[in-house]
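Line by line, the protein sequences are chains X and W.
By the UniProt record's numbering, the letter at position 34 of the first sequence is numbered 34, and the numbering carries on one by one without gaps.
By the UniProt record's numbering, the letter at position 261 of the second sequence is numbered 261, and the numbering carries on one by one without gaps.
Structure first, then comments.
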Amino acid sequence: MIQHAQLGHIGGDFSVTDILATLFSSVLHVRPEEPLWAERDRFILSKGHAAAALYATLAHQGFFPIEDLLTFMDPLSKLNGHPNRNKVPGVETNTGPLGHGLPVAVGSAIGSALKDQSWRTYVVLGDGELQEGSNWEAIMTAGHRRLGTLTAIVDRNRLQQGARTEDTNTLEPLADKWRSFGWEVHEVDGHDHAALYDVLSAEPGDRPRCVIAHTVKGKGVSFIEDRVEWHHKVPTQDQIEQARREIGE
Amino acid sequence: MSTETMTPQAATFDNRQAFAEELIRLAREDRRIVAVCNDSVGSSNLGAFQKEFPERLINVGIAEQDMVGVGAGLANAGFIPFVCAAGPFLSGRALEQIKADVAYSNFHVVLCAMSPGMAYGELGPTHHSIEDLAWINAIDNMTLLMPADAQQTRQAVQWSAENGRPVYMRVGRFKVPAVTPQDEPFEVGKAVQVREGRDVTLIGAGTTVSRALEAAELLAAQGYSARVLNMATIKPLDEDAVVRAARETGRIVTAEEATTHGGLGSMVAHVLALHHPTPMRTLGVTGFAPTGSAEYLLEHFGLTARGIADAALELL
Chain X
1 MIQHAQLGHI
11 GGDFSVTDIL
21 ATLFSSVLHV
31 RPEEPLWAER
41 DRFILSKGHA
51 AAALYATLAH
61 QGFFPIEDLL
71 TFMDPLSKLN
81 GHPNRNKVPG
91 VETNTGPLGH
101 GLPVAVGSAI
111 GSALKDQSWR
121 TYVVLGDGEL
131 QEGSNWEAIM
141 TAGHRRLGTL
151 TAIVDRNRLQ
161 QGARTEDTNT
171 LEPLADKWRS
181 FGWEVHEVDG
191 HDHAALYDVL
201 SAEPGDRPRC
211 VIAHTVKGKG
221 VSFIEDRVEW
231 HHKVPTQDQI
241 EQARREIGE
Chain W
1 MSTETMTPQA
11 ATFDNRQAFA
21 EELIRLARED
31 RRIVAVCNDS
41 VGSSNLGAFQ
51 KEFPERLINV
61 GIAEQDMVGV
71 GAGLANAGFI
81 PFVCAAGPFL
91 SGRALEQIKA
101 DVAYSNFHVV
111 LCAMSPGMAY
121 GELGPTHHSI
131 EDLAWINAID
141 NMTLLMPADA
151 QQTRQAVQWS
161 AENGRPVYMR
171 VGRFKVPAVT
181 PQDEPFEVGK
191 AVQVREGRDV
201 TLIGAGTTVS
211 RALEAAELLA
221 AQGYSARVLN
231 MATIKPLDED
241 AVVRAARETG
251 RIVTAEEATT
261 HGGLGSMVAH
271 VLALHHPTPM
281 RTLGVTGFAP
291 TGSAEYLLEH
301 FGLTARGIAD
311 AALELL
């Protein structure tokens, strides 16, 4: 998709792919044939720049035809560089600018509590994104209201667009920060499907849940892994063939 | 459109009262209606709503970006959120949330800008919401309402609850007289002609409508006939009414409690430049205000009956 478009955010796509695959294949209660089913679990990709990974996941789950993936970022394609709920089934809210997904997820979780319904809300945030203050407003609100149906997953790949997070504006001690705002915190290997499944499908408690998923940006491709310059670089044909061999596609 | 001539009534109203009463009335009928606010239960006049519907009043504290995002999430969950905060903080602090989470996402969220314009007078320009018309005008898919009196405020709340679209509504704190004929329907996108006239058209919105009506009286005393339009919908603007007024009266004065850069006057000038170039005066707030009460500042910027009449006389 990214080679086709000659645009995209490949590093962050690879770091979040295992999280998305776990959620959509075995955790979320959603109906691809009825994407606006009122009692669906809500999934929000706050790091909207990983749209390619989300689109690939949604297409493989049957929300829209897989062939559509090759229109990624083409003129007039429904598959914009950042997801649009009005065009793409399965997208809950339009993201792209950072720090937007979590407040919307908090509103959704308040909604399920007000309706006394059991559907859950999941939101994936990039780690660098946690530098946006709006997240901490929402983290406070969710902790205060003890929104047990809300799960925030931090894609902790430790790289942001320009450098390492810890060299830019330190996030650590990240788990303690979430805990101090009233959240239950779990740390897992963000590429271990079984571990992700266990923590994401566990019954809701009486507090919102934060899953810090330790990931590798560019996971699975040796020349992309953990390299800051691959935030939005486009691979060559040779590099794609090498990547396919490494991933074992 | 009414052709009945109105003169301002002596009694004046705080539109927040009409807003709160109508919101409660609708909330009794429709369980989807919720209020979201930023520690502004008092200033947004939501105390009675909170008392009757404690669960449906969501106060996120002093966190406007969170507040607007929460509104979008509640809309996603099937609710109709009225998101209430003082105008300067709602529009300024959460502008990107208004754009991305509400307008671009196309959620049915009603953004209620309380105490807009220069209502907070002496508190100074940090607390004046004079840029919001320009900012919200620039965002696609928003409807921008500016009810002029208590009756229009009730109608605007009702329309906003029913229309299914993103709305930004100014809810005035500065007391204003009734200017809307009792049987006048509220049509979004339509100007209300509150006085017929031939020589000049005075276009007001919100606070300035009653002042434009008084200006028309002053002009009448000098032998001029002024039409007055209440532009209660700023976006989408009633371009037909503007062009018709320009054709039929030949001169236009706009008066708004907002910056003249990008608000009502700019919108009207844009329409006329494209379709019917016409001599104009645009009255509004021309910069950061000095210290003074709201009443004083309206006078300072010429947003009075006399100021509007004088601007018209420059054209006549």
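C-beta atoms are modelled at their ideal positions from N, C-alpha and C, and glycine is treated no differently.
*Could you say which of X/P103, X/A50 and X/D18 lies nearest to W/E64 if we only look at CA atoms?*
X/P103
*Count the other CB atoms, across all protein chains shown, that sit within 10 Å of the CB of W/E184; report buried if there are 16 or more and exposed otherwise.*
buried
Please tell me whether W/R16 and W/V171 are closer than 7 angstroms, where the distance is taken between their beta carbons.
yes
| How is the beta strand (DSSP E) around X/T22 delimited, first residue to last? | Element bounds for X/T22: not the beta strand (DSSP E) but the alpha helix (DSSP H), I10 to T22.
Q) Helix, strand or coil for W/R154 per DSSP? A) helix
- Task: Please confirm if the stretch 37–44 of chain W is in contact with the stretch 107–124 of chain X, defined as three or more CB-CB distances below 8 angstroms between the two stretches.
- Result: no
Practice prompt. Check the Cβ-Cβ distances between X/N86 and every residue of chain W, and say whether any is below 7 angstroms.
Written response: yes
- Leaving aside the five residues before and after X/K115 along the sequence, list all residues of the same chain whose C-beta is less than 7 angstroms from its C-beta, in chain order. none
query = Looking at C-alpha atoms only, which residue of X/L58, X/E187 and X/E67 is the closest neighbour of X/T17?
reply = X/L58
I want to verify the contact list: residues of chain X whose CB lies under 8 angstroms from the CB of W/V70, in sequence order. P103, V104, V106, G107, I110, A138 and T141
Take the Cβ of X/G162 as the centre, count every other Cβ of all protein chains shown within 10 Å, and call the residue buried at 16 or more, exposed below.
-> exposed
Residue 317 of chain W vs W/L298 beta-carbon contact at 7 angstroms: The structure shown does not extend to residue 317 of chain W, since chain W is modelled only from 1 to 316, so the question has no answer here.
Q. DSSP on W/L276, reduced to helix/strand/coil?
A. Looking at the sequence shown, residue 276 of chain W is not Leu but His. Of the three classes helix, strand and coil, the one that applies to W/H276 here is coil, per DSSP.
### Reference X/R207; option with closest CA among X/L130, X/H60 and X/I139
X/I139
Are the beta-carbon atoms belonging to X/D198 and X/H214 less than 7 angstroms from one another?
no
Starting from X/D189, trace the beta strand (DSSP E) both ways and give me its first and last residue.
E184 to D189
Rounded separation between X/T141 and W/V60 - CA only: 6 angstroms
Going straight from the alpha carbon of X/A21 to that of W/I98, what length do you get?
31 angstroms
Open item on the list: So with CB distances below 8 angstroms, who are the chain W contacts of X/D46?
Closed with: As written in the sequence, residue 46 of chain X is Ser, which differs from the Asp given in the question. Ordered by position in chain W, no residue passes the 8 angstroms Cβ test against X/S46, which lies about 10 angstroms from the chain.
Query raised in the report: If W/E256 and W/G265 are in contact, beta carbons under 8 angstroms, what's the gap, nearest whole angstrom?
Result: 6 angstroms
(Q) Taking the straight line between their C-alpha atoms, what separation do you get for X/W230 and X/S15? (A) 12 angstroms
Taking the C-alpha atoms as reference points, what is the distance between W/P8 and W/Y224?
In this prediction, W/P8 has a pLDDT of 46, which is less than 50 and means its spatial position is unreliable; nothing more can be read from the coordinates.
Cβ shell of X/S233 (< 7 angstroms), same chain only, five flanking positions each side left out:
First, the residue type needs correcting, since residue 233 of chain X is Lys and not Ser in the sequence shown. The answer, listed in chain order, is I10.
So W/H300 is in the alpha helix (DSSP H); what residue range does that whole segment cover?
-> A294 to H300
task = Kindly indicate if chain X contains any beta-carbon less than 7 angstroms away from that of W/L74.
result = yes
- request: Determine whether the Cβ of X/H191 lies closer than 7 angstroms to any Cβ atom of chain W.
  value: no
| field | Range of the contiguous alpha helix (DSSP H) that encloses W/A73 | value | The identity of residue 73 of chain W in the sequence shown is Gly, whereas the question assumes Ala. Start and end: E64 to N76.
query: Taking all protein chains shown into account, do 16 or more other C-beta atoms lie within 10 angstroms of the C-beta of W/S91, making it buried, or fewer, making it exposed?
result: buried
TODO: Assign W/E4 to one of two classes, buried (16 or more other C-beta atoms within 10 Å of its C-beta) or exposed (fewer than that).
DONE: Bear in mind that a pLDDT of 42 at W/E4, under 50, signals an unreliable position, so the model cannot answer this.
(message) If you reduce the DSSP assignment to three classes, tell me which class X/F43 lands in.
(response) strand
Which residues in the same chain as W/R281 place their Cβ atom closer than 7 angstroms to its Cβ, once the five residues preceding and following it in sequence are excluded?
V253, A311, E314 and L315
Does any residue of chain X have a CB that is nearer than 7 angstroms to the CB of W/Y224? no
key: Residue of X/L76, X/D167 and X/R42 minimising C-alpha distance to X/A152   = X/R42
In the DSSP assignment, find the unbroken alpha helix (DSSP H) run with W/R306 in it and report its ends. A305 to L315
Distance, W/M169 Cα to W/W159 Cα
11 angstroms
What whole-angstrom Cβ distance do W/G78 and W/R32 have, given they're in contact under 8 angstroms?
6 angstroms
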